[in-house]
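J.:
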Amino acid sequence: IVEYGGRQVSPAELTARVAGIARELVGRGMRANERVVLQMRNGIDLTAVTLAVLAVGGVPVLCDPGLGDEVYLARVEAADARWVIAEPLVHLLGVLPVGRGFLRRHDVNLPPAPEVQHITLSTSKINKLAKAAPAFEPCPREPSDESAIVFTGGTTSDPRGAVHTHDSLAAFVRAIDLATSGTRAENVLADTLPQVICVLGLGRTAFVTPHRIEKRARYIYEQIEAGTVDSHFGSPFVWSEIADLLRDARLPPTLGTVLLGSAPVTKPFLRGLLEILNPQTTVLCVYGLTEAGPVCVATAEEKLAWEGEGDWLGSPVEGTTVSIDGDDGVGEILVRGPTVCAGYLGHPLARGEPLRTGDLGRVTEVGGVVPGLVLLGRQKDMIIRRGVNIYPGLLEPPLLSASREAGLGLRDCAVVGVWNDAKQDEEVLLLVVPEADTSVSVDAVKRVAATCVGAESAPDRVLVIDEMPRTGRQHKIDRRALREMAGEAPNMPTLADRLHDAALPYGFGAFARKYGGLLRSEHAPVSVMAQAIFRLSLWGLGQATWALDEVISPHWREATGLGPLFILGHQRSGTTFLHRLLAADVTHARALTLQEMLLPAVSFQELVDAVDGMDRRMGRPLGSRFEALEDRLLAEGDKIHRIRFEEIEEDELVLWSIFSSILCANDAPSSAAGRQLDELRHFEEWPREHQERVLGYYRDVLKRKLYRDHDGDPTSRWIVSKNPAFSQKIPALMEVFPDARFIYLVRNPLEAIPSRLSMFREIWHRRFPDFEALTPAHVETILEDSYRTYLFAERDLVAVPEAQKLVIRHEELRADPSATVREIYEHFNLPPPDEALEAALAALPERKHAKRELVLEEFFLDEARLRRDLAPVFERYGF
58 IVEYGGRQVS PAELTARVAG IARELVGRGM RANERVVLQM RNGIDLTAVT LAVLAVGGVP
118 VLCDPGLGDE VYLARVEAAD ARWVIAEPLV HLLGVLPVGR GFLRRHDVNL PPAPEVQHIT
178 LSTSKINKLA KAAPAFEPCP REPSDESAIV FTGGTTSDPR GAVHTHDSLA AFVRAIDLAT
238 SGTRAENVLA DTLPQVICVL GLGRTAFVTP HRIEKRARYI YEQIEAGTVD SHFGSPFVWS
298 EIADLLRDAR LPPTLGTVLL GSAPVTKPFL RGLLEILNPQ TTVLCVYGLT EAGPVCVATA
358 EEKLAWEGEG DWLGSPVEGT TVSIDGDDGV GEILVRGPTV CAGYLGHPLA RGEPLRTGDL
418 GRVTEVGGVV PGLVLLGRQK DMIIRRGVNI YPGLLEPPLL SASREAGLGL RDCAVVGVWN
478 DAKQDEEVLL LVVPEADTSV SVDAVKRVAA TCVGAESAPD RVLVIDEMPR TGRQHKIDRR
538 ALREMAGEAP NMPTLADRLH DAALPYGFGA FARKYGGLLR SEHAPVSVMA QAIFRLSLWG
598 LGQATWALDE VISPHWREAT GLGPLFILGH QRSGTTFLHR LLAADVTHAR ALTLQEMLLP
658 AVSFQELVDA VDGMDRRMGR PLGSRFEALE DRLLAEGDKI HRIRFEEIEE DELVLWSIFS
718 SILCANDAPS SAAGRQLDEL RHFEEWPREH QERVLGYYRD VLKRKLYRDH DGDPTSRWIV
778 SKNPAFSQKI PALMEVFPDA RFIYLVRNPL EAIPSRLSMF REIWHRRFPD FEALTPAHVE
838 TILEDSYRTY LFAERDLVAV PEAQKLVIRH EELRADPSAT VREIYEHFNL PPPDEALEAA
898 LAALPERKHA KRELVLEEFF LDEARLRRDL APVFERYGF
């Protein structure tokens, strides 16, 4: 078994652990047939403890803590468990509901402590037991004896614990072996404990994924990309998240097998999956059940070839038979076979009795040759999200009760599932009806729901509706009507929700690493601490004023305009010149100044305007002194790049102010040399929710700018933005700004890259007088980013519609700026430039470029290497 982080155990070491734990359990009084609840994180220790329980003849009880305390404790009681084995920290937090509530809100589900006998085992304790233990002779068991109790995914008033025998689990392992025969599956990524046990039973290596959902896709992607694993068995939603990480790349051929299960596998999803997989990778879709293991298996090609009604599930695995209970060949799917469990707790299956699945289907053939199963739907109104079964009718009463106890003013509620094509998974929607004349906080409802039913069943969205639609003589909730309402109704935020959303995204971890690194460097600690205090003060003021907007200027969201005009390109390619030129169109263009980027809230900017107005009426005593101070501090750098608080700047500084920008890594030579903060460099590798939060913040900054500068026709004004770093964010920007236009300025890398390095050298020398010269380490860090800027633009601009992009060569802009501006306006069909821009164009001096020749070798650069590494750019533009 190999854990995330590299910890691993060999078969011999695992055997020693199992023997040591088994002897400890016997010494504590555990005996055969006693049921044992396990409260440990997935990995080596949980697997060893589970095998040890089996070795002493005990029966592991597996139940998910993510469905809420009430459900969890009901399951433990239904199983009549005698023991709980827990990690010490898990047990401690289990008796502290406040701590578990906090962790649950951060997607960490910890179980409560049932009132049964506890055994706590830490990793260090298990290691000691393994070293001191002789061999342990397992307790003899009969094939029909209980081996495990596994609760099904949904919440029910009568918990359904599938009782597996040693016979049925052995058949389960054999069925997986048959399903994967002929495929490459030796090093298997395993999401769950049963999967780990199954992989071990097949004599293969299990790579255990992290328990937290948001880390899982990243870990899987890293292991596949590194070639460490050759197969994965999981839900489709994981692959949707991996596809977001990949963008347009393909996974390597070392990935031999992908098994999909736990949720419907749709044709659009399969087509998208095959686009990111290597053609050599086999995709198998498994229709299985907690109670019966794999029932049917189909290849991706078979599912895509099916053109009939329903979802083709494939042929039953060897030894398993399916039949249909219904008229005309359509009805509930029944399953028989050696993998089927002995029944449920308190409800054993009689000899020969089939397992009733609750799914609707029919048996059919493909091409008249292969008999197989087609899934047509579900008998019960059940939601499957992230592989977990969720029963709405049994969630609604506790949700309504908890909401009323919390004083939220709800009269009625209902839960429905809505399919999300982007996620290839269902979303859980909670629709609530407030009491008359009551305002309901969506955020408060979500918090209560997550606490009440657990993270695995918590709603993705909450919608407030006026009345609950009902139908029929029994006056049942009309869930079809609710799904239609959910697809149409906007989720209107209340004041409480807006204040919650007002929290700025901020990289505290990156902040601490950067300034910790600077304090350990040779830079003056007083100067570093001053910088850190300035950054924290800036963030604090920004946080306060951003939230204040929701109280005094809540209508900023209503601001409209044409899609933003993004100027992209490698630094030193004329982006600043073009940006400031286009911003001269004061009738139409809106651009952010430096102070608006650092503190963009409407409330703060209105305060600045008020102070400036008073100052002007007094003859500008404050303004003139502030400008003199700016000149004294900043004028020396004007020949590189003019910076003033009222000068328009590149929009990356918006992200710099919340520590989510590559500039945070490059604004000190020690950060670049030590490759600190590299997680800020590769935006496309950030978790999707972090990308959305950061770019959502940027979008809201632009909306606030349009709200403040509201003069003129809203249908003929736009934000003009210059940001070289956006060259690496084009797909994400297209999602946030589908109507955006992109101007890509391209300059010969043999000129632009050394010019950028020269700029860094001069900037760092001015900021840090002890800085002498760029080192190869500095150059490599900056060069990597330059490569990404060129190559990402080359790759991602292809997908942007022609009407929304324009490529301009640097030499064309330099030779005739007026012609370039007119080409931009014509291409994007913009209103004609106003008089201010025309005057700015007419006043442009003749641009003579007596440019300084930069020697590549001066910056440890080699022309042959640049031409090789940036071959697509040199080829396309003929540099």
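For the sequence shown, position 777 matches number 834 in our numbering, and the numbering has no gaps at all.
The beta carbon of each residue, even a glycine, is placed where N, CA and C say it ideally should be.
(1) List the residues that DSSP assigns as beta-bridge partners of T262.
(2) Evaluate contact between the region 910-927 and the region 832-849, counting only Cβ atoms and requiring at least three cross-stretch pairs below 8 Å.
(3) Please name the residue, chosen from T338, R824, A79 and V245, that lies closest to R307 on a Cα-to-Cα basis.
(4) Pick helix, strand or coil for G415, following the three-state DSSP scheme.
(5) Would you kindly work out how many angstroms separate the C-alpha atoms of I183 and I78, rounded to a whole number?
(6) Determine the direct distance from the alpha carbon of V110 to that of L847, and round the result to whole angstroms.
(7) Thinking C-beta only, is I254 closer than 7 Å to Y278?
(8) Taking the continuous alpha helix (DSSP H) assigned at Q662, which residues delimit it?
(9) Excluding five sequence neighbours on each side, which residues of the same chain lie with their C-beta closer than 6 Å to the C-beta of A232?
(10) Which full runs of the beta strand (DSSP E) of 3+ residues lie inside the region 75-135, going along the chain?
(11) For the putative contact between V412 and V392, defined by C-beta atoms under 8 Å, what is the C-beta separation to the nearest angstrom?
(12) Leaving out five residues before and five after R924 in sequence, what residues of the same chain have Cβ atoms less than 7 Å from its Cβ?
(13) What are the uninterrupted segments assigned as alpha helix (DSSP H) that are 4 or more residues long and contained completely in the region 496-536, given in chain order?
(14) Measure from the alpha carbon of G753 to the alpha carbon of each residue in E859, G258, S717 and A782, then state which is nearest.
(15) Leaving out five residues before and five after L135 in sequence, what residues of the same chain have Cβ atoms less than 7 Å from its Cβ?
(16) List the whole-angstrom C-beta distance separating P621 from I865, where the pair is believed to meet the contact cut-off of C-beta under 8 Å.
(17) Less than 8 Å between the CB atoms is what I'm expecting for V510 and P657, so what's the real figure, rounded?
(18) Is F936 helix, strand or coil when you go by DSSP?
(19) Consult DSSP for Y344 and reduce its assignment to one of helix, strand or coil.
(20) Apply the 10 Å Cβ neighbour rule to G474 and answer buried if 16 or more other Cβ atoms are within range, or exposed otherwise.
(21) Mapping the DSSP letters down to three states, classify L556 as helix, strand or coil.
(22) DSSP beta-bridge partners for W369?
(23) Of all the options A567, R824 and V659, which has the alpha carbon lying nearest to the alpha carbon of W603?
(24) Using 8 Å as the cut-off, can you tell me whether the region 812-821 makes contact with the region 588-601, which would need three or more C-beta pairs spanning the two stretches below that distance?
(25) Please name the residue, chosen from S773, L635, R756 and E663, that lies closest to G618 on a Cα-to-Cα basis.
(26) Would you call the region 742-750 and the region 631-649 in contact, with 3 or more CB pairs under 8 Å?
(27) If contacts are defined as beta-carbon pairs under 8 Å, then M525 and D469 qualify, I think. What distance do you get, rounded to the angstrom?
(28) Going straight from the alpha carbon of V668 to that of A834, what length do you get?
(29) In whole angstroms, give me the CA-to-CA distance for V322 and R852.
(30) Take A546 and list the residues in its own chain whose beta-carbon comes closer than 6 Å to its own, dropping the five residues that flank it on each side.
(31) Using a Cβ-Cβ cutoff of less than 6 Å, which residues in the same chain neighbour R674 once the five nearest sequence positions on both sides are dropped?
(32) Compare the C-alpha of V489 against each of L913, A501 and V711 and name the closest.
(33) On the CB-based measure, 16 or more other CB atoms within 10 Å of its CB, does R933 come out buried or exposed?
(34) Should D32 go down as buried or exposed, given a rule of 16 or more other Cβ atoms within 10 Å for buried?
(35) What is the rounded straight-line gap between the Cα of R689 and the Cα of S498?
(36) Could you tell me the distance, in whole angstroms, from the CA atom of T495 to the CA atom of L790?
T.: This is what the structure gives:
(1) Its beta-bridge partners are N244.
(2) yes
(3) T338
(4) strand
(5) 7 Å
(6) It is Tyr, not Leu, that sits at residue 847 in the sequence shown. Approximately 57 Å, taken between the alpha carbons.
(7) no
(8) V659 to R674
(9) Cβ within range, chain order: G350, P351, V374 and T396.
(10) Entirely contained in the region 75-135, the beta strand (DSSP E) runs reaching 3 residues are, in chain order, 92-96 and 116-119.
(11) Per the sequence presented here, residue 412 reads as Leu, with Val not at that position. With 8 Å as the limit, L412 and V392 qualify as a contact, their Cβ atoms being about 5 Å apart.
(12) F931
(13) 499-510
(14) S717
(15) Note that residue 135 is Ala in the sequence shown here, rather than Leu. Only P216, G218 and L402 meet the Cβ criterion.
(16) Between I865 and P621 the Cβ distance is about 17 Å, and since that is not below 8 Å, they are no contact.
(17) Here V510 is actually not in contact with P657; their C-beta atoms are around 38 Å apart, not less than 8 Å.
(18) Residue state for F936 is assigned as coil, using DSSP reduced to three classes.
(19) strand
(20) buried
(21) At L556, the pLDDT of 45 sits below 50, so the modelled position is not reliable and the matter cannot be decided from this model.
(22) V431
(23) When only C-alpha atoms are compared, the closest one is V659.
(24) no
(25) S773
(26) no
(27) 5 Å
(28) 46 Å
(29) 30 Å
(30) Low confidence applies here, because A546 scores a pLDDT of 47, under 50, leaving its location unreliable; read the following figure in that light. The residues are L520.
(31) none
(32) A501
(33) exposed
(34) Here the chain covers residues 58 to 936 and nothing more, so residue 32 does not appear.
(35) Cα-Cα distance, rounded: 51 Å.
(36) Cα to Cα, T495 sits roughly 38 Å from L790.
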